[in-house]
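Take a look at the structure below.
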DNA sequence: CTGTTAGCGCATTCAC
DNA sequence: GTGAATGCGCTAACAG
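Residue numbers (this note's numbering), protein chains in the order written: chain A, 97 to 447; chain B, 97 to 447.
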């Protein structure tokens, strides 16, 4: 037999690793007992436990996750899908989720959804092919119906930062876009600005619409009439902010402040102002959204609304874990607070 | 028995999914045959293949990866460890690796190595507990010896962007730091700068030292005597660049140009210049490294050296795949080219 | 407290 | 071309 070399040599199968059986034999107990100590079961005598642990350590044994997964019916892996956009935005969420998962002894399987929405393979198939116990779906392109279907299939998942408004009943975590936008606008209003431009994200996105609502709510509360000509649509990328701000500033009666729906576009706005010889914040105030990595780095450092991105990832995990534990999470719509971060891109209106 | 409901209802085990056995029964063939069509084996008649495929589709069957993994001895998962620093830097590599893996039908398991280097659980244990077939280790804290040990254990891995110089024989992918730094310095020299400051990364890191070498090589080639007083150590974060540049600019005979070892520190340098009333690039030229997301966003847009980050991730994957296929990769030290990207933070010296 | 016995879902020899 | 039998490494009843 090849048994005697199991410790040193490639053992029985293809894996070539020490198995629970080896440990059992070495420790002079049954596999069941080894399994017990592995899983910290109470019903094992201290002596045998020690004996087993000794062999485990001596041979550097670790349990084979595939085997355990097959046996238990749980892989200990959760998928996390991300559309590859806005690197530092998703990286932050990723970091939070990954950390939280780690504490649960779980692992994160990254699935990038390039633009495969309309390909033959559905999200569902890709996720639930036995590789993962559940998933966190970031900024999904999928419609409410499609997600409903996924849900109906029994696959546990939670949406992080829903792109479109979602049916109630679909677990989701998002930031308080409306409140954040309101705070940003209030800040501008408080500085005396009355003509405030707004560069939105893609229309139809939940985040975009909520921020618009917050913007308008703030204006309304201050008794300022919203001027439709002061609103431009962007796509969350720098150039769109640049263009949008440019067209705003070239108006006969340009705004004295601009609220951009994210920091990238705010950075674009900063550039547009600079190109026109406008000084920020003296001649123009600019507020962003996200508090991305770049916010403090641009010139001048950007006043913005912080989204708790890592926290968002962590929260998604904890929701998912609850789902995985079979707890039917009812109040599964979590909204995380946002916070205004005042830096140097805003100042009192000077007219 | 509970067999009859297997298709609709939670079947036998905990998973509740359609199994290969269900398909076999439904199609009136054996599991072996189903397995054959699943794996695109040639020895199956077209008719039976069709029959099987029909049932597979009709029931939305997908193979259970855990079961396959256990059977085949391969999980189809590779781990990717990342120290959580410099978000967009690792995000870029991540994106490349993830994409490449996807094309190989493999998945990426993210493992964040907070600062667990000195914890009881070794990288080895964490990675090879049967969860993954191999790993890509980014910017490892582990020493060459530790990595050697991992290698000796037979666990396949490749290092992406080695932090410290690595033994030959350890597969690694990195960027051409030296050449990139040389190109950056050549550029400055070409603009007439002679007093050039350099803000380094953490001393001892491979990237840092290589860039210093490139910097010095360029100077030497131009016959410029290197001035040790013009070199400052940073840590790749903005504040360190800010401080370092400040101290450089406060010199009696300040440099007319600064080459920072990454874009973050270059951004810090930009700020330091601004605080002193220096205009970039008129009074001071600044060059960064990385071509990070922020490079084009700061004021002025940064001249920098582009690292092919996504490509780095992809290359790491292809190396790893070769290792997994049992091909002993010999020439396993890959260095990817870097490229100077000239923007607006550099101009001819004006003295 | 501990050992025996069955599977988990799939791939893989072998026969037929 | 196809089926029956076996095992991958582990957990989970069920006995004792």
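The beta-carbon is built from N, C-alpha and C at its ideal position, and this holds for glycine as well.
With a Cβ-Cβ cutoff of 9 Å, do residue i and residue j count as a contact?
i: residue 330/B; j: residue 352/B; result: no
i: residue 393/A; j: residue 393/B; result: yes
i: residue 196/A; j: residue 259/A; result: no
i: residue 409/B; j: residue 163/B; result: no
i: residue 380/A; j: residue 354/A; result: yes
i: residue 176/A; j: residue 205/A; result: yes
i: residue 356/A; j: residue 283/A; result: no
i: residue 179/B; j: residue 241/B; result: no
i: residue 457/B; j: residue 174/B; result: Because chain B spans 97 through 447 in this model, residue 457/B falls outside it and cannot be assessed.
i: residue 171/B; j: residue 372/A; result: no
i: residue 385/B; j: residue 362/B; result: yes
i: residue 432/A; j: residue 270/A; result: yes
i: residue 123/A; j: residue 144/A; result: yes
i: residue 83/B; j: residue 316/B; result: This structure does not reach residue 83/B, given that chain B is present from 97 up to 447, and the question cannot be answered.
i: residue 287/A; j: residue 442/A; result: yes
i: residue 268/A; j: residue 428/A; result: yes
i: residue 114/A; j: residue 156/A; result: yes
i: residue 277/B; j: residue 308/B; result: yes
i: residue 430/A; j: residue 416/A; result: no
i: residue 446/A; j: residue 348/A; result: no
Would you tell me roughly how many angstroms separate the C-alpha atoms of residue i and residue j, rounded to the nearest one?
i: residue 391/B; j: residue 397/B; result: 6 Å
i: residue 327/A; j: residue 291/A; result: 11 Å
i: residue 437/A; j: residue 346/B; result: 31 Å
i: residue 360/B; j: residue 383/B; result: 11 Å
i: residue 101/A; j: residue 127/A; result: For residue 101/A, the predicted model reports a pLDDT of 31, less than 50, meaning its position is unreliable and no value from the coordinates is stated.
i: residue 395/B; j: residue 366/B; result: 8 Å
i: residue 376/A; j: residue 275/A; result: 25 Å
i: residue 306/B; j: residue 273/B; result: 6 Å
i: residue 119/B; j: residue 299/A; result: 45 Å
i: residue 136/B; j: residue 158/A; result: 33 Å
i: residue 186/A; j: residue 263/B; result: 34 Å
i: residue 78/A; j: residue 411/A; result: Any property of residue 78/A remains undetermined from this structure, which presents chain A solely from 97 to 447.
i: residue 256/A; j: residue 419/B; result: 36 Å
i: residue 216/B; j: residue 231/B; result: Below a pLDDT of 50, predicted positions are generally treated as unreliable, and residue 216/B, at 44, falls in that range; no measurement from the model is reported.
i: residue 334/B; j: residue 358/B; result: 9 Å
i: residue 245/B; j: residue 265/A; result: 50 Å
i: residue 421/B; j: residue 198/A; result: 29 Å
i: residue 153/B; j: residue 169/B; result: 27 Å
i: residue 289/A; j: residue 364/A; result: 21 Å
i: residue 444/A; j: residue 239/B; result: 54 Å
i: residue 243/B; j: residue 304/B; result: 21 Å
i: residue 200/A; j: residue 138/A; result: 21 Å
i: residue 336/A; j: residue 318/B; result: 43 Å
i: residue 214/A; j: residue 350/B; result: Per-residue confidence for residue 214/A stands at a pLDDT of 47, beneath the threshold of 50, marking its modelled position as unreliable; no derived number is given.
i: residue 233/A; j: residue 434/A; result: 21 Å
i: residue 439/A; j: residue 440/B; result: 25 Å
i: residue 338/B; j: residue 324/A; result: 42 Å
i: residue 117/A; j: residue 116/B; result: 28 Å
Mind listing the chain A neighbours of residue i? Cutoff is C-beta to C-beta under 7 Å, in chain order.
i: residue 184/B; result: 183, 184, 187, 389
i: residue 166/B; result: 162, 163, 166
Answer yes or no: the CB of residue i versus the heavy atoms of the ligand SAM, is any distance below 8 Å?
i: residue 392/A; result: In the structure shown, the ligand SAM is absent, as is every other ligand, since no ligand is present at all.
At 8 Å on the CB atoms, spell out the chain A contacts of residue i, in chain order.
i: residue 171/B; result: 161, 162
Show which residues of chain A have a CB atom less than 9 Å away from the CB atom of residue i.
i: residue 245/B; result: In chain order: nothing, as chain A lies at least about 11 Å away.
Give the interface partners of residue i over in chain B, defined as CB-CB distance under 7 Å, in chain order.
i: residue 227/A; result: 161, 203
Q) Pairing CB atoms from the segment 116-133 of chain A with CB atoms from the segment 145-154 of chain A, are three or more of them under 8 Å? A) Cβ pair count under 8 Å is three or more, so yes.
(Q) If the cut-off is 8 Å on Cβ atoms, which residues from the segment 189-209 of chain A count as contacting chain B, listed in chain order? (A) Within the segment 189-209 of chain A, the qualifying residues are 190, 191, 194, 195, 198, 203, 204, 205, 206, 207, 208.
Q. Is it true that the segment 236-252 of chain B meets the segment 402-413 of chain B, where meeting means three or more beta-carbon pairs spaced less than 8 Å apart?
A. No, the segment 236-252 of chain B is not in contact with the segment 402-413 of chain B.
Q: May I ask you to verify whether the segment 333-348 of chain A touches the segment 311-318 of chain A, counting CB pairs closer than 8 Å and requiring at least 3?
A: No, the segment 333-348 of chain A does not touch the segment 311-318 of chain A.
Q: Output, in sequence order along the chain, the residues in the segment 411-444 of chain B whose CB is closer than 8 Å to any CB in chain A.
A: So nothing in the stretch comes that close.
Q | Near-chain A residues of the segment 309-338 of chain B - C-beta to any C-beta below 7 Å | A | Listed in sequence order: 334.
Q: Could you name the residues of the segment 348-369 of chain A whose beta carbon sits closer than 7 Å to any beta carbon of chain B, in the order they occur along the chain?
A: Correct list: 363.
Q) At a Cβ cut of 7 Å, what residues of the segment 373-401 of chain B count as close to chain A, listed as they run along the chain? A) Residues passing the 7 Å Cβ filter: 389, 390, 393, 394, 395.
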